[in-house]
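233 is the number that the numbering used here gives to position 227 of the sequence shown; each next residue is one higher, with no gaps.
All C-beta atoms in this analysis are idealised placements derived from N, C-alpha and C, irrespective of residue type, glycine included.
Working notes, beginning with the structure itself.
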Amino acid sequence: MDCQFVREELLAQIAAPVEEQAITVAGIDTAYLATGKGQPLLLLHGATAGGALSWYPLLSTLAKRFRVIVPDCPGYGNSTMRPIDHTIPRFMQWLDAFLTTVQIDKATVMGTSQGGALAMRYALFAPTRVAKLVLINTAGLSSRMSPRIALFAAGNFLLSRCSTQLLQKFFEQLFLFQHNPHTLRLQLYRRYTRAVALSPAFQQVSWLQRTIQLNRPLQLRELQQIQQPTLLLASAKDRLFPPKVAREASAYIPQVQFHVVPQTGHAAFLE
7 MDCQFVREEL LAQIAAPVEE QAITVAGIDT AYLATGKGQP LLLLHGATAG GALSWYPLLS
67 TLAKRFRVIV PDCPGYGNST MRPIDHTIPR FMQWLDAFLT TVQIDKATVM GTSQGGALAM
127 RYALFAPTRV AKLVLINTAG LSSRMSPRIA LFAAGNFLLS RCSTQLLQKF FEQLFLFQHN
187 PHTLRLQLYR RYTRAVALSP AFQQVSWLQR TIQLNRPLQL RELQQIQQPT LLLASAKDRL
247 FPPKVAREAS AYIPQVQFHV VPQTGHAAFL E
(Lines of atoms letter the chains of each structure in order from A and count residues from 1; the text may use other names and numbers.)
(Lines give C-alpha, C1' and ligand atoms only; values in the text may rest on other atoms or scores of the structure.)
Protein backbone atom coordinates (compact mmCIF):
# COMPACT_ATOMS: atom_id res chain seq x y z
CA MET A 1 0.00 0.00 0.00
CA ASP A 2 1.15 3.56 -0.78
CA CYS A 3 3.28 4.88 2.07
CA GLN A 4 1.84 8.41 2.07
CA PHE A 5 -1.74 7.11 1.96
CA VAL A 6 -1.23 5.03 5.11
CA ARG A 7 0.54 7.97 6.78
CA GLU A 8 -2.44 10.23 6.10
CA GLU A 9 -4.88 7.56 7.29
CA LEU A 10 -3.06 7.33 10.62
CA LEU A 11 -2.84 11.10 11.04
CA ALA A 12 -6.61 11.29 10.48
CA GLN A 13 -7.08 9.01 13.51
CA ILE A 14 -5.36 11.49 15.86
CA ALA A 15 -7.81 13.59 17.89
CA ALA A 16 -5.81 16.82 17.60
CA PRO A 17 -5.26 18.60 14.25
CA VAL A 18 -1.75 17.78 13.07
CA GLU A 19 0.12 19.84 10.48
CA GLU A 20 2.54 18.13 8.10
CA GLN A 21 5.46 20.20 6.90
CA ALA A 22 8.43 19.57 4.60
CA ILE A 23 11.56 21.71 4.75
CA THR A 24 15.23 21.48 3.83
CA VAL A 25 17.60 21.44 6.81
CA ALA A 26 21.38 21.28 6.35
CA GLY A 27 20.84 19.85 2.88
CA ILE A 28 18.43 17.15 4.10
CA ASP A 29 14.78 17.00 3.01
CA THR A 30 13.11 16.95 6.42
CA ALA A 31 9.48 16.15 7.23
CA TYR A 32 7.93 17.07 10.55
CA LEU A 33 4.61 17.14 12.37
CA ALA A 34 3.32 20.05 14.43
CA THR A 35 0.31 20.34 16.73
CA GLY A 36 -0.94 22.26 19.76
CA LYS A 37 -0.15 25.62 21.35
CA GLY A 38 2.06 26.59 24.26
CA GLN A 39 5.69 26.12 25.21
CA PRO A 40 7.66 24.19 22.56
CA LEU A 41 8.12 20.45 23.06
CA LEU A 42 10.43 18.60 20.68
CA LEU A 43 9.89 14.83 20.34
CA LEU A 44 12.72 12.58 19.10
CA HIS A 45 11.70 9.10 17.99
CA GLY A 46 13.64 5.86 18.30
CA ALA A 47 15.21 3.66 15.62
CA THR A 48 11.94 2.79 13.92
CA ALA A 49 11.35 3.19 10.20
CA GLY A 50 8.05 4.94 10.97
CA GLY A 51 9.88 7.89 12.52
CA ALA A 52 7.75 10.72 13.92
CA LEU A 53 4.51 8.76 13.62
CA SER A 54 5.62 6.42 16.40
CA TRP A 55 4.52 9.20 18.78
CA TYR A 56 0.91 9.07 17.54
CA PRO A 57 -0.60 7.84 20.87
CA LEU A 58 0.65 10.93 22.75
CA LEU A 59 0.12 13.76 20.27
CA SER A 60 -3.46 14.73 21.14
CA THR A 61 -2.72 14.73 24.90
CA LEU A 62 0.52 16.70 24.62
CA ALA A 63 -1.09 19.20 22.22
CA LYS A 64 -3.38 20.40 25.03
CA ARG A 65 -0.43 21.98 26.84
CA PHE A 66 2.44 22.34 24.36
CA ARG A 67 3.40 23.34 20.85
CA VAL A 68 4.56 19.87 19.82
CA ILE A 69 7.17 19.55 17.07
CA VAL A 70 8.02 16.05 15.84
CA PRO A 71 10.60 15.62 13.07
CA ASP A 72 11.23 12.53 11.01
CA CYS A 73 14.94 12.26 11.78
CA PRO A 74 17.24 11.85 8.75
CA GLY A 75 16.66 8.48 7.08
CA TYR A 76 13.33 7.78 8.81
CA GLY A 77 9.73 8.37 7.78
CA ASN A 78 9.58 10.99 5.03
CA SER A 79 13.05 12.47 5.64
CA THR A 80 16.05 11.66 3.47
CA MET A 81 19.57 10.73 4.52
CA ARG A 82 22.97 10.82 2.89
CA PRO A 83 25.69 8.30 3.81
CA ILE A 84 27.70 10.97 5.62
CA ASP A 85 24.82 11.66 8.02
CA HIS A 86 25.31 8.53 10.14
CA THR A 87 27.53 10.27 12.68
CA ILE A 88 26.49 11.95 15.92
CA PRO A 89 28.21 15.29 15.07
CA ARG A 90 26.30 15.45 11.78
CA PHE A 91 23.05 14.67 13.57
CA MET A 92 23.68 17.39 16.15
CA GLN A 93 24.30 19.92 13.39
CA TRP A 94 21.10 18.87 11.63
CA LEU A 95 19.01 19.07 14.83
CA ASP A 96 20.39 22.50 15.72
CA ALA A 97 19.64 23.77 12.22
CA PHE A 98 16.16 22.21 12.39
CA LEU A 99 15.22 24.16 15.52
CA THR A 100 16.53 27.35 13.94
CA THR A 101 14.55 26.72 10.75
CA VAL A 102 11.27 26.14 12.63
CA GLN A 103 12.03 29.25 14.74
CA ILE A 104 12.38 27.59 18.13
CA ASP A 105 15.05 29.09 20.36
CA LYS A 106 14.57 26.76 23.33
CA ALA A 107 12.45 23.66 23.94
CA THR A 108 11.81 20.81 26.29
CA VAL A 109 13.16 17.73 24.52
CA MET A 110 11.50 14.34 24.93
CA GLY A 111 13.23 11.30 23.46
CA THR A 112 12.59 7.59 23.49
CA SER A 113 15.12 4.80 22.91
CA GLN A 114 17.63 6.09 20.33
CA GLY A 115 15.89 9.46 20.52
CA GLY A 116 16.65 9.62 24.24
CA ALA A 117 20.37 9.18 23.65
CA LEU A 118 20.28 11.89 20.99
CA ALA A 119 18.30 14.19 23.31
CA MET A 120 21.00 13.87 25.99
CA ARG A 121 23.74 14.53 23.46
CA TYR A 122 21.90 17.59 22.16
CA ALA A 123 21.55 18.91 25.72
CA LEU A 124 25.35 18.78 25.91
CA PHE A 125 25.84 20.12 22.39
CA ALA A 126 23.49 23.12 22.76
CA PRO A 127 22.65 23.48 26.48
CA THR A 128 21.05 26.91 26.10
CA ARG A 129 18.45 25.50 23.68
CA VAL A 130 17.24 22.66 25.93
CA ALA A 131 14.97 23.67 28.83
CA LYS A 132 14.26 20.19 30.21
CA LEU A 133 14.73 16.55 29.24
CA VAL A 134 12.21 13.71 29.28
CA LEU A 135 13.83 10.34 28.53
CA ILE A 136 11.71 7.22 27.96
CA ASN A 137 13.47 3.84 27.89
CA THR A 138 16.48 5.66 26.59
CA ALA A 139 19.55 4.30 24.90
CA GLY A 140 22.98 5.63 25.80
CA LEU A 141 23.04 4.86 29.53
CA SER A 142 24.85 1.52 29.64
CA SER A 143 28.62 1.42 29.97
CA ARG A 144 28.75 -0.79 26.87
CA MET A 145 26.67 -1.32 23.75
CA SER A 146 24.01 -3.99 24.24
CA PRO A 147 23.95 -6.75 21.57
CA ARG A 148 20.17 -6.35 21.60
CA ILE A 149 20.67 -3.03 19.79
CA ALA A 150 21.79 -4.96 16.72
CA LEU A 151 18.75 -7.23 17.06
CA PHE A 152 16.45 -4.24 17.24
CA ALA A 153 18.11 -2.67 14.19
CA ALA A 154 17.58 -5.98 12.38
CA GLY A 155 13.85 -5.51 12.93
CA ASN A 156 13.76 -2.70 10.35
CA PHE A 157 15.59 -4.99 7.91
CA LEU A 158 13.19 -7.87 8.60
CA LEU A 159 10.17 -5.64 8.01
CA SER A 160 10.77 -5.92 4.29
CA ARG A 161 11.44 -9.67 4.25
CA CYS A 162 9.27 -11.47 6.83
CA SER A 163 5.61 -12.17 7.42
CA THR A 164 3.66 -10.06 9.91
CA GLN A 165 3.25 -13.09 12.19
CA LEU A 166 6.99 -13.79 12.29
CA LEU A 167 7.75 -10.14 12.98
CA GLN A 168 5.25 -10.11 15.82
CA LYS A 169 7.07 -13.01 17.49
CA PHE A 170 10.41 -11.30 16.93
CA PHE A 171 9.31 -8.08 18.63
CA GLU A 172 7.57 -9.94 21.44
CA GLN A 173 10.87 -11.68 22.22
CA LEU A 174 12.46 -8.26 22.64
CA PHE A 175 9.58 -7.28 24.92
CA LEU A 176 8.74 -4.26 22.81
CA PHE A 177 5.18 -4.93 23.93
CA GLN A 178 4.22 -6.32 27.31
CA HIS A 179 0.60 -5.85 26.30
CA ASN A 180 -0.29 -5.82 22.60
CA PRO A 181 -3.22 -3.50 21.87
CA HIS A 182 -4.94 -4.50 18.63
CA THR A 183 -6.24 -1.08 17.66
CA LEU A 184 -6.87 0.41 14.24
CA ARG A 185 -4.21 3.06 14.87
CA LEU A 186 -1.58 0.46 15.77
CA GLN A 187 -2.46 -1.58 12.68
CA LEU A 188 -2.08 1.53 10.53
CA TYR A 189 1.22 2.39 12.19
CA ARG A 190 2.60 -1.09 11.52
CA ARG A 191 1.51 -0.89 7.88
CA TYR A 192 3.15 2.49 7.53
CA THR A 193 6.39 1.31 9.15
CA ARG A 194 6.50 -1.69 6.83
CA ALA A 195 5.83 0.51 3.78
CA VAL A 196 8.73 2.82 4.72
CA ALA A 197 11.03 -0.17 5.27
CA LEU A 198 10.14 -1.47 1.80
CA SER A 199 10.97 1.83 0.11
CA PRO A 200 14.14 1.96 -2.02
CA ALA A 201 15.39 5.03 -0.13
CA PHE A 202 15.23 3.22 3.23
CA GLN A 203 16.84 0.10 1.80
CA GLN A 204 19.85 2.14 0.67
CA VAL A 205 20.61 3.27 4.24
CA SER A 206 22.99 1.18 6.31
CA TRP A 207 20.48 0.57 9.12
CA LEU A 208 22.90 -1.39 11.31
CA GLN A 209 25.76 1.13 11.02
CA ARG A 210 23.38 4.02 11.69
CA THR A 211 21.78 2.38 14.74
CA ILE A 212 25.12 1.47 16.32
CA GLN A 213 26.47 4.98 15.73
CA LEU A 214 23.48 6.87 17.11
CA ASN A 215 22.96 4.58 20.14
CA ARG A 216 26.55 4.78 21.30
CA PRO A 217 26.68 5.01 25.14
CA LEU A 218 27.48 8.29 26.83
CA GLN A 219 30.42 8.41 29.22
CA LEU A 220 29.72 8.87 32.94
CA ARG A 221 31.41 12.28 32.84
CA GLU A 222 28.97 13.28 30.07
CA LEU A 223 25.97 12.26 32.18
CA GLN A 224 27.37 14.38 35.01
CA GLN A 225 27.48 17.38 32.67
CA ILE A 226 23.73 17.30 31.92
CA GLN A 227 22.44 20.35 33.79
CA GLN A 228 18.82 20.41 32.64
CA PRO A 229 16.03 19.07 34.90
CA THR A 230 15.56 15.51 33.67
CA LEU A 231 12.68 13.05 33.96
CA LEU A 232 13.97 9.51 33.39
CA LEU A 233 11.30 6.85 32.77
CA ALA A 234 12.03 3.13 32.45
CA SER A 235 9.59 0.31 31.69
CA ALA A 236 9.64 -2.57 34.16
CA LYS A 237 9.57 -5.20 31.38
CA ASP A 238 11.95 -3.56 28.92
CA ARG A 239 14.57 -6.09 27.81
CA LEU A 240 16.25 -3.75 25.35
CA PHE A 241 17.22 -1.24 28.05
CA PRO A 242 16.45 -2.82 31.46
CA PRO A 243 15.35 -0.40 34.21
CA LYS A 244 18.33 -1.42 36.35
CA VAL A 245 20.62 0.34 33.87
CA ALA A 246 18.58 3.55 33.99
CA ARG A 247 18.41 3.44 37.80
CA GLU A 248 22.20 3.14 38.08
CA ALA A 249 22.78 5.89 35.51
CA SER A 250 20.35 8.24 37.28
CA ALA A 251 22.87 8.59 40.13
CA TYR A 252 25.15 10.52 37.75
CA ILE A 253 22.62 13.00 36.33
CA PRO A 254 22.49 16.04 38.66
CA GLN A 255 18.83 17.12 38.38
CA VAL A 256 17.00 13.86 37.74
CA GLN A 257 13.72 12.25 38.72
CA PHE A 258 13.64 8.52 38.03
CA HIS A 259 10.48 6.40 37.77
CA VAL A 260 9.74 2.84 36.69
CA VAL A 261 6.54 2.34 34.66
CA PRO A 262 5.03 -1.02 35.73
CA GLN A 263 3.80 -3.75 33.37
CA THR A 264 5.11 -2.16 30.18
CA GLY A 265 7.74 -3.10 27.63
CA HIS A 266 10.13 -1.02 25.54
CA ALA A 267 7.42 0.59 23.41
CA ALA A 268 5.53 1.78 26.50
CA PHE A 269 3.47 4.58 24.97
CA LEU A 270 2.31 2.33 22.12
CA GLU A 271 0.74 0.10 24.76
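Those residues which DSSP pairs with residue i across a bridge
| i | result |
| --- | --- |
| R73 | P46 |
| L139 | V115 and T236 |
| V108 | V108 pairs with nothing; no bridge assigned. |
Length of the line joining the Cα atoms of residue i and residue j
| i | j | result |
| --- | --- | --- |
| Q231 | I259 | 7 angstroms |
| E25 | T41 | 6 angstroms |
| Q27 | A37 | 6 angstroms |
| E14 | A257 | 42 angstroms |
| G83 | E254 | 33 angstroms |
| S119 | S85 | 19 angstroms |
| A240 | G117 | 12 angstroms |
| Y23 | T67 | Residue 23 is actually Pro in this sequence, not Tyr. One C-alpha to the other measures close to 12 angstroms. |
| Q261 | Q233 | 7 angstroms |
| L224 | V136 | 18 angstroms |
| I34 | F104 | 10 angstroms |
| T107 | V31 | 7 angstroms |
| N143 | D8 | 31 angstroms |
| R216 | T54 | 12 angstroms |
| G56 | D244 | 20 angstroms |
| S148 | C79 | 23 angstroms |
| S205 | F275 | 26 angstroms |
| V12 | L194 | 7 angstroms |
| R227 | T189 | 43 angstroms |
| L101 | Q109 | 12 angstroms |
| L39 | R127 | 22 angstroms |
| P296 | R191 | Lying before the first or after the last residue shown, residue 296 is absent from the chain, which here runs from 7 to 277. |
| L17 | P63 | 11 angstroms |
| G81 | A273 | 20 angstroms |
| A21 | L59 | 14 angstroms |
| V202 | Q10 | 9 angstroms |
| P77 | V267 | 26 angstroms |
| A207 | G271 | 30 angstroms |
| M98 | A252 | 23 angstroms |
| P133 | E277 | 32 angstroms |
| H92 | R222 | 12 angstroms |
Simplified DSSP state of residue i, which is helix, strand or coil
| i | result |
| --- | --- |
| T41 | strand |
| Q99 | helix |
| L16 | helix |
| T118 | strand |
| F247 | coil |
| A28 | strand |
| T36 | strand |
| H92 | helix |
| Q261 | coil |
Minimum C-alpha distance to residue i - residue among the options
| i | options | result |
| --- | --- | --- |
| P95 | T86, A21 and A125 | A125 |
| A242 | R216, G56, A53 and Q269 | Q269 |
| R73 | L49, A58, P80 and G81 | L49 |
| D111 | L220, I75 and L229 | I75 |
| L65 | D102, L229, Q19 and A132 | Q19 |
| I218 | G121, P46, T114 and Q109 | G121 |
| G146 | F247, F97 and T93 | F247 |
| V140 | L190, P63, H92 and P235 | P235 |
| F264 | L238, E277, V251 and A274 | L238 |
| P46 | L59, T114, W61 and A58 | T114 |
| G52 | A252, V266 and T199 | T199 |
| K70 | H92, K43, P77 and W61 | K43 |
| L229 | W61, I29 and L130 | L130 |
| R196 | W61, I29 and A21 | W61 |
| A123 | Q99, V266, L59 and L220 | L220 |
is_contact[residue i, chain D] using C-beta, thresh 9 angstroms
| i | result |
| --- | --- |
| P249 | Of the protein chains in this structure there is only one, and it is not chain D. |
For the region 193–240, which segments carrying the alpha helix (DSSP H) assignment without a break, of at least 4 residues, lie completely within its bounds, in sequence order? 206–209, 213–220 and 226–230
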